[in-house]
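Structure first, commentary second.
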Amino acid sequence: MDLSTKQQLKLTVLALALLQAPAWAAGEAIDQSRTVSATEKIEIENMRGEVRIVAVKGNKFSVKGTLDEKAEGYELTSEKGVTRFQVKMPRTIYGGWNSEKQEGSDLTIEVPVGSELKFSGVNANVSAVGVEGGAKLTTVNGAVSGEKLKGDIVLETVNGQINSVDNTGRLHLTTVNGEINDKGSSGSLEVESVNGEISMQSSAREVELEVVNGEGQLDLNGTERLEFSSVNGEIRAVLKNSKKPKVSASSVSGASRLTLDADVSARFDLEASAGGDIDNGLTDDKPTRDKYGPRRHLEFRTGSGEGNIEISTVSGEIELKKN
Amino acid sequence: MKTEQQLDALISQLAPEVEPQRDLWPELSERLVPRRQPVYRNWLGVAAAAVLTFWFWPQQPAIEPQLSFETAESTDDSRLLLAVSQQLQQQLNAEQTRQLKGLKQVPEGFTDWSRQLLIWHKAQGQIELALQFQPDDQKLIQQLQRIQQQQLSYIAKLVKTSELT
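Protein sequences, first through last, are from chains A and B. Just so we're aligned, residue 1 is where the first sequence starts under my numbering, counting upward by one. Just so we're aligned, residue 1001 is where the second sequence starts under my numbering, counting upward by one.
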């Protein structure tokens, strides 16, 4: 074989390779759909970009938009009630995941209303609307938004905001540094943050909140059981239409401020272990201080004492107010 | 010799309980030094060294650790507290070291991890001080456990995020 033949062969191989290049090359458009079951389990993995997931009537899964410019294709499989869509990325991205925020996929995905949704990303913003079979949306650097979701709902990020609107079921919202905003949720609600600020307007029956340094503003309607804790943070909880609530709260040096209905019926047990303050704006009862120690303590009852309010702090503040 | 009636009369004149003539707490509180210096007072230094030392150690899967308590048979409060604290401390040190071994880089959002640990560290100090006055306060023990659990969870997330990004 002479040199020119070798070159021709190389060119031919190269040309064939180019012809075989997938239509979904990086940054390329995608428009795919599958017929799926009404209660399909949908698993989506997209590392970077923007993903909007919308529940629609009908048994259809579809994905439209453009793939990540660094994607090495995608996988879309649908069998035995499980549909998986994955944007395939190189194992290592030079410059890390934290490069330009505009980079990444831009996708709109439609799923059946009754489907069970699972999304995972890294540098991705994700939103989901109307999914009723449960949803777990997780990312690392990015915002997570869930609206009109039902069932077991997990919205989780590390650095980013969480927005939860009109969700029903068992909600679990978690961030490390971002804000959490919940509005109109019902069912049970569990919220965790290290540094983020939390804002809640909820009618969930059960609410649990845990922050370390963050601040929380809870406007709750009809909540029967409320637990919250902080280390340094300040949590303000306003509880309305709850006549016999069960509240348990604690802080180390943070502030727990609780506002209750004036006609609440509950037993109160408030304790500041080492230098904390108790401010009772609900009744005329005053805290007592241990004779030989720093502890302050206040116990009293309103109405027939059906509910139970236990709040403790080490050196922080406890404040009771009435609506 | 005085009769029994005379002794009873003298006793009845005594105050029902002995009290200090003034509030001693302000002076005492200024002089208070924690009786037991926890090992993790030096944790930040250890953690920083661990991060540097184990920077490139083989990765281990980041799992969400859980602290667990063995049931203490003793009813003695101080022994129970000591047992709980030691158990927590051992688990905390072991888990943090194990988790930090897997760390390749400090990811976005965790660059002030040492400051964050310091916040927990100070909070632990406050709870421990309070426990010295109320050693059988279950709420304080629960707070201590929660804070240590938060640290473990935070480090687990740090490691997991480091792996993902």
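Even glycine gets a Cβ: it sits at the ideal position worked out from N, Cα and C.
Using a Cβ-Cβ cut-off of 7 Å, B/Thr1111 does not count as an interface residue toward chain A, since no Cβ of chain A sits closer than that to its own. Within the DSSP secondary-structure output, A/His297 pairs in a beta bridge with A/Glu271 and A/Thr288.
Around the Cβ of A/Ser304, a 10 Å sphere holds fewer than 16 other Cβ atoms; the residue is exposed.
Judged by DSSP secondary structure, A/Gln32 falls within the beta strand (DSSP E) whose first and last residues are Ala29 to Thr35. The C-beta of B/Leu1118 has fewer than 16 other C-beta atoms within 10 Å across all chains shown, which makes the residue exposed. Put simply, the stretch 1105-1113 of chain B does not touch the stretch 214-224 of chain A. Fewer than three CB pairs are less than 8 Å apart. Measuring C-alpha to C-alpha distances from B/His1121 to each of B/Lys1157, B/Gln1099 and B/Leu1152 identifies B/Leu1152 as the nearest. In the same chain as A/Leu226, and ignoring 5 residues on each side of it, the C-beta atoms closer than 6 Å to its own belong to Val207 and Val247, in chain order. Within the stretch 276-296 of chain A, contact with chain B at the beta-carbon level (separation under 7 Å) is assigned to Tyr292, Gly293, Pro294 and Arg295.
Listed as beta-bridge partners of A/His172 by DSSP are A/Val154 and A/Glu190. Of the candidates A/Gly114, A/Pro245, A/Ala255 and A/Leu155, A/Pro245 places its Cα closest to the Cα of A/Asp261.
Rounded to the nearest whole angstrom, the CA to CA distance from A/Ser78 to A/Gln86 is 12 Å.
For the options A/Thr66, A/Arg236 and A/Asn280, the alpha carbon positioned closest to that of A/Glu197 is the one of A/Arg236. The C-beta of B/Gln1143 comes closer than 7 Å to at least one C-beta of chain A. In the structure shown, B/Gly1125 falls within a helical segment according to DSSP collapsed to helix, strand and coil.
For B/Thr1161, the uninterrupted alpha helix (DSSP H) run begins and ends at Gln1138 to Leu1164, by DSSP. For A/Ser145, the uninterrupted beta strand (DSSP E) run begins and ends at Val144 to Glu147, by DSSP. Membership of A/Lys118 in the beta strand (DSSP E) is indicated by the continuous run Glu116 to Ser120. In this structure, A/Ser229 lies away from A/Ser312, with their beta-carbon atoms at least 7 Å apart.
Closer than 7 Å to the CB of A/Val207 there is not a single CB belonging to chain B. Collapsing the DSSP output to three states places A/Asn213 in coil. A straight-line Cα-Cα distance of about 24 Å links A/Leu239 and A/Gly146. Any Cβ of chain A closer than 7 Å to the Cβ of B/Gln1138 would place that residue at the interface, and such an atom is absent. Contact of A/Ala38 with chain B is not assigned, every C-beta pair being separated by 7 Å or more. For A/Val231, the chain B residues whose C-beta falls within less than 8 Å of its own C-beta are Ile1119, Trp1120, Ala1123, Ile1147 and Gln1150, listed in chain order. DSSP places B/Ser1114 in the helix class (H, G or I) of the three-state scheme. Judged by beta-carbon spacing, A/Ala29 lies beyond the 7 Å limit of A/Asn59, meaning their Cβ atoms are not closer than that value. Counting along the chain, A/Ser202 sits inside the beta strand (DSSP E) bounded by residues Ile198 to Ser202. Beyond the five residues adjoining it in sequence on each side, A/Thr223 comes within less than 8 Å, by CB distance, of Ser202, Ser203, Ala204, Arg205, Glu206, Val207, Leu239, Ser242 and Pro245 in the same chain, given in chain order. Counting C-beta atoms within 10 angstroms of its own C-beta, A/Ser273 has 16 or more neighbours from the protein chains shown and is therefore classed as buried. When secondary structure is reduced to three states using DSSP, B/Glu1095 falls in the helix class. Between the alpha carbons of A/Ala71 and A/Arg91 lies a distance of about 10 Å. With respect to A/Asp277, A/Glu310 sits apart: the two C-beta atoms are not nearer than 7 Å. Minimum Cα-Cα distance from A/Arg267 among the listed residues A/Thr302, A/Glu319, A/Gly169 and A/Ser253 corresponds to A/Thr302.
Note that the C-beta distance between A/Asn195 and A/Asn177 is below 7 Å.
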